[in-house]
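Trainee:
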Ligand code: AGP
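Residue numbers (our numbering): 33 to 636.
#1: In angstroms with no decimal places, state the Cα-to-Cα distance between residue 356 and residue 220.
#2: Might you give, ordered along the chain, the residues of its own chain that have their beta carbon closer than 7 Å to the beta carbon of residue 558, omitting 5 neighbours on each side?
#3: Just the C-alpha distance for residue 453 and residue 111, rounded to the nearest angstrom, thanks.
#4: Excluding sequence positions up to five away, which residues of its chain have a Cβ less than 6 Å from the Cβ of residue 3?
#5: Determine the closest residue to residue 125 out of 170, 73, 484, with distance taken between C-alpha atoms.
#6: Quick one: is residue 512 buried, meaning 16 or more other Cβ sit within 10 Å of its Cβ, or exposed?
#7: Using the Cα positions of residue 598 and residue 93, report the straight-line distance between them to the nearest angstrom.
#8: Sorry if obvious, but does the Cβ on residue 633 come closer than 6 Å to a heavy atom of the ligand AGP?
#9: How is residue 118 classed by DSSP in three states: helix, strand or coil?
#10: Runs of 3 residues minimum, wholly inside the stretch 533-610: which ones carry the beta strand (DSSP E) assignment?
#11: Could you give the DSSP three-state label for residue 3: helix, strand or coil?
#12: Could you please give me the residues that DSSP links to residue 190 through a beta bridge?
#13: Taking the continuous alpha helix (DSSP H) assigned at residue 284, which residues delimit it?
#14: By DSSP, does residue 421 sit in helix, in strand, or in coil?
#15: In its own chain, which residues sit with a C-beta less than 6 Å from the C-beta of residue 351, not counting the 5 before and 5 after it?
#16: In angstroms with no decimal places, state the Cα-to-Cα distance between residue 403 and residue 417.
#17: Do the stretch 289-307 and the stretch 456-468 meet, that is, are 3 or more Cβ pairs less than 8 Å apart?
#18: Roughly how many angstroms separate the alpha carbons of residue 278 and residue 170, rounded to a whole number?
#19: Determine which residues share a DSSP beta bridge with residue 397 and list them.
#20: Just mark residue 509 as buried or exposed, buried being the case when its beta carbon has 16 or more other beta carbons within 10 Å.
#21: Is residue 222 helix, strand or coil by DSSP?
#22: Kindly indicate which residue of 149, 613, 84, 195 has the alpha-carbon position closest to the one of residue 484.
#23: Roughly how many angstroms separate the alpha carbons of residue 134 and residue 387, rounded to a whole number?
#24: Is it true that the stretch 317-334 meets the stretch 354-373, where meeting means three or more beta-carbon pairs spaced less than 8 Å apart?
#25: Residue ranges of each alpha helix (DSSP H) run of no fewer than 4 residues wholly in the stretch 49-116, ordered along the chain?
#26: Does the Cβ of residue 381 lie closer than 6 Å to at least one heavy atom of the ligand AGP?
#27: Using 6 Å as the cut-off, classify the Cβ of residue 332 as near or not near the heavy atoms of the ligand AGP, replying yes or no.
#28: Please determine, among 209, 633, 163, 191, the residue with the shortest C-alpha to C-alpha distance to residue 262.
#29: Could you give the distance in angstroms between the alpha-carbon of residue 275 and the alpha-carbon of residue 121?
#30: State the beta-bridge partners of residue 376 as determined by DSSP.
#31: Confirm the yes/no value for this check: CB of residue 511, any heavy atom of the ligand AGP, distance under 6 Å.
#32: Just checking residue 618 against the ligand AGP - is the residue's beta carbon closer than 6 Å to any of the ligand's heavy atoms?
#33: Out of 600, 414, 291, 252, point me to the one whose CA is closest to residue 506's CA.
#34: Could you tell me the distance, in whole angstroms, from the CA atom of residue 54 to the CA atom of residue 84?
#35: When we look at the beta-carbon of residue 63 and count the other beta-carbons within 10 Å, is it buried (16 or more) or exposed?
#36: Unbroken beta strand (DSSP E) runs of length 3 or more, entirely within the stretch 299-369: which are they?
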């Protein structure tokens, strides 16, 4: 969490920093600040709250200069106050922005001579520690300070004696450097630099960058490292709101297009299979995979649960899905016959990254399914697949979920075709996948209708979501979407599990959203809905077009086009995303930046 931006070049830096902070605000928005160096003097402005508040505070202020650093904070150490906001400045001479946690800040404090602290943060301790190591060479100061630090960091420092230099270091928190014409950008992800350059290099753990008229990257042994430059092909327009009220709505509507990007070049209709390049396994090796483990958090885990149904049904491979945060701290049984998929939109989620390392250590074959190009998980897993959802900026994940699901379905089909899935089934599935984006479009056209329904449900304090089979993860995802952006308590349940406890919660004050599409569990699902209606619950039903019978158990109903059962989550989740969105808007919530959350959770 926390977003870092820095720039050194010929342009006025303040507008670049402010726009960069807006682009990174999804990473945290408790407070924000900028520091600009000009004429040997560092000027800093910080403010509690979102970047807009900082921007208002800056109105009328002149912060000229062509070098600066900025930060948007998600608080870990110390409360949400201006004193705790970054950048931190030591002695008026050195500014620092930091993402991560310094675990041994208490020990460091003992070694630091300057005992005057304005904040309660570990970052200020880090700043003073680096400053104490400074003897005229800023890169050397950082190099000398880092061995004394325990914890995680992505940091950038700027010193009044070095008017054209930024020094950055990374251990555990991402940093990308954008290379322009006689100018450099540095940020927690590539979004702030996309309007200016597509040429980017990513710092790896243990690397230090000296950025002035040239970019030099060192490792902790002080060796200069030559790095690959990645050309980022994300269209800048895709990272903008494109006329939508906010990013979440835009990203929900993006799904019909980006879904096609997830399929592009990965379909072999003739053979009725998928061509997924990222496994780096021969067909023989693929046949030998005995078990699949899927590790992820939140929405990515829900996509993983859909993957489990697909791997077991199409490929007959036992598949487990785990929370990354749990996987690490139990004794998971992983060996060379286990294929481990780690799924992450950001590619930076600390729990998932650590779980991936643990799975590797235990000898599993680890593959990433990731959205952000060049992110840590993508690089560390080495092999795997990008989901091609494009920049997802709203905290609530929508299009990434859809594309993760698509990639898992394609993998399942590829494994299935090497085993018992028939050519006809493979071709039918691919044909159905190709028809999905048009069907998504039909659902999105019901946006206004769903908005009206959301208004009926917005004042309830608790809402249950139920689904069965492949729609159980859909119920989980519908509940997560609603609670994270509306703050209404919501729970996703397997329809069959209701009567084993949760049914006690049901009353006229607790409505139920149920997924009742036409599949093999239709009748069972209908019984579950009848159980809740008998207890007075209002029901919103997601049903298949043409199913008149579904109206019998519905107060409100949303009809969706029919597709193959395994593919249903790709459609059935969309009305739930729109439902959550409209409830949240009706309640006046900040949809893109819900309280207490951040887009990528880079701390444990
Ligand atoms: C989704 O809406 C959430 N905000 C969250 O659960 C998210 O899916 C989770 O933190 C995992 O993130 P990742 O995909 O970037 O790893």
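C-beta: ideal position from N, C-alpha, C; glycine also.
Mentor: By the coordinates alone:
#1: Against the chain shown, residue 356 aligns to sequence position 324. Against the chain shown, residue 220 aligns to sequence position 188. Using only the alpha carbons, I get a separation of about 22 Å.
#2: As a working note, residue 558 is residue 526 in the chain shown. Closer than 7 Å at Cβ, skipping near neighbours: 548, 585.
#3: Translated into the one-based positions of the chain shown, residue 453 becomes position 421. Translated into the one-based positions of the chain shown, residue 111 becomes position 79. Taking the straight line from one Cα to the other gives about 56 Å.
#4: Nothing can be reported for residue 3, as the shown portion of the chain is limited to 33 through 636.
#5: Translated into the one-based positions of the chain shown, residue 125 becomes position 93. When each option's Cα is compared against that of residue 125, the closest is 73.
#6: The residue labelled residue 512 in the question sits at position 480 within the chain shown. By the 10 Å Cβ count, residue 512 comes out buried.
#7: Locating residue 598 in the chain shown gives position 566, counting from the first residue. Locating residue 93 in the chain shown gives position 61, counting from the first residue. Going from the Cα of residue 598 to the Cα of residue 93 covers about 57 Å.
#8: The count along the chain shown starts at 1 and reaches residue 633 at position 601. Residue 633 Cβ: within cutoff of the ligand AGP.
#9: On the chain shown, residue 118 is found 86 positions in, with the first residue counted as 1. It is coil, neither helix nor strand.
#10: 544-548, 571-576, 588-592
#11: Past the edges of the chain, shown from 33 to 636, lies residue 3, and the structure says nothing about it.
#12: Numbered from its first residue, the chain shown carries residue 190 at position 158. Paired residues: 127, 198.
#13: Against the chain shown, residue 284 aligns to sequence position 252. Its alpha helix (DSSP H) spans residues 279-295.
#14: Counting from 1 along the chain shown, the entry for residue 421 is found at position 389. DSSP places residue 421 in coil when its eight states are reduced to three.
#15: As a first step, residue 351 must be located in the chain shown, where it is residue number 319. The residues are 324, 340, 343, 344.
#16: The residue given as residue 403 occupies position 371 in the chain shown. The residue given as residue 417 occupies position 385 in the chain shown. Rounded to whole angstroms, residue 403 to residue 417 spans 8 Å at the Cα level.
#17: yes
#18: For the purposes of this step, residue 278 is taken as residue 246 along the chain shown, with counting starting at 1. For the purposes of this step, residue 170 is taken as residue 138 along the chain shown, with counting starting at 1. When rounded, the distance between both Cα atoms is 41 Å.
#19: One-based indexing of the chain shown puts residue 397 at position 365. Per DSSP, 371.
#20: For the purposes of this step, residue 509 is taken as residue 477 along the chain shown, with counting starting at 1. Its Cβ being crowded by 16 or more others within 10 Å, residue 509 is buried.
#21: Position 190 of the chain shown, counting from 1, holds the residue named residue 222. In the structure shown, residue 222 sits in coil (DSSP, three-state: anything other than H, G, I, E or B).
#22: Numbered from 1 along the chain shown, position 452 holds the residue referred to as residue 484. Ranking 149, 613, 84, 195 by Cα distance to residue 484 puts 613 first.
#23: On the chain shown, position 102 is the one that residue 134 refers to. On the chain shown, position 355 is the one that residue 387 refers to. Roughly 21 Å separates the two Cα atoms.
#24: yes
#25: 83-90
#26: Here the question's residue 381 lines up with position 349 in the chain shown. Yes, the Cβ of residue 381 comes within 6 Å of a heavy atom of the ligand AGP.
#27: Within the chain shown, the letter at position 300 stands for residue 332. Residue 332 Cβ: within cutoff of the ligand AGP.
#28: As a working mapping, residue 262 is identified with position 230 in the chain shown. Out of 209, 633, 163, 191, 209 has the C-alpha closest to the C-alpha of residue 262.
#29: Numbered from 1 along the chain shown, position 243 holds the residue referred to as residue 275. Numbered from 1 along the chain shown, position 89 holds the residue referred to as residue 121. Each residue's alpha carbon lies about 39 Å from the other.
#30: Along the chain shown, read from residue 1 onward, the residue named residue 376 stands at position 344. Note: residue 376 sits in a beta bridge opposite 402.
#31: By one-based count along the chain shown, residue 511 stands at place 479. Flag unset: Cβ of residue 511 not near the ligand AGP.
#32: As a position in the chain shown, residue 618 is number 586, starting the count at 1. Because no heavy atom of the ligand AGP lies under 6 Å away, the Cβ of residue 618 does not count as near it: no.
#33: As a first step, residue 506 must be located in the chain shown, where it is residue number 474. That would be 600, whose Cα lies nearest to the Cα of residue 506.
#34: For this step, residue 54 is matched to residue 22 along the chain shown. For this step, residue 84 is matched to residue 52 along the chain shown. Each residue's alpha carbon lies about 8 Å from the other.
#35: The residue given as residue 63 occupies position 31 in the chain shown. Buried: at least 16 other Cβ atoms inside 10 Å.
#36: 323-328, 351-355
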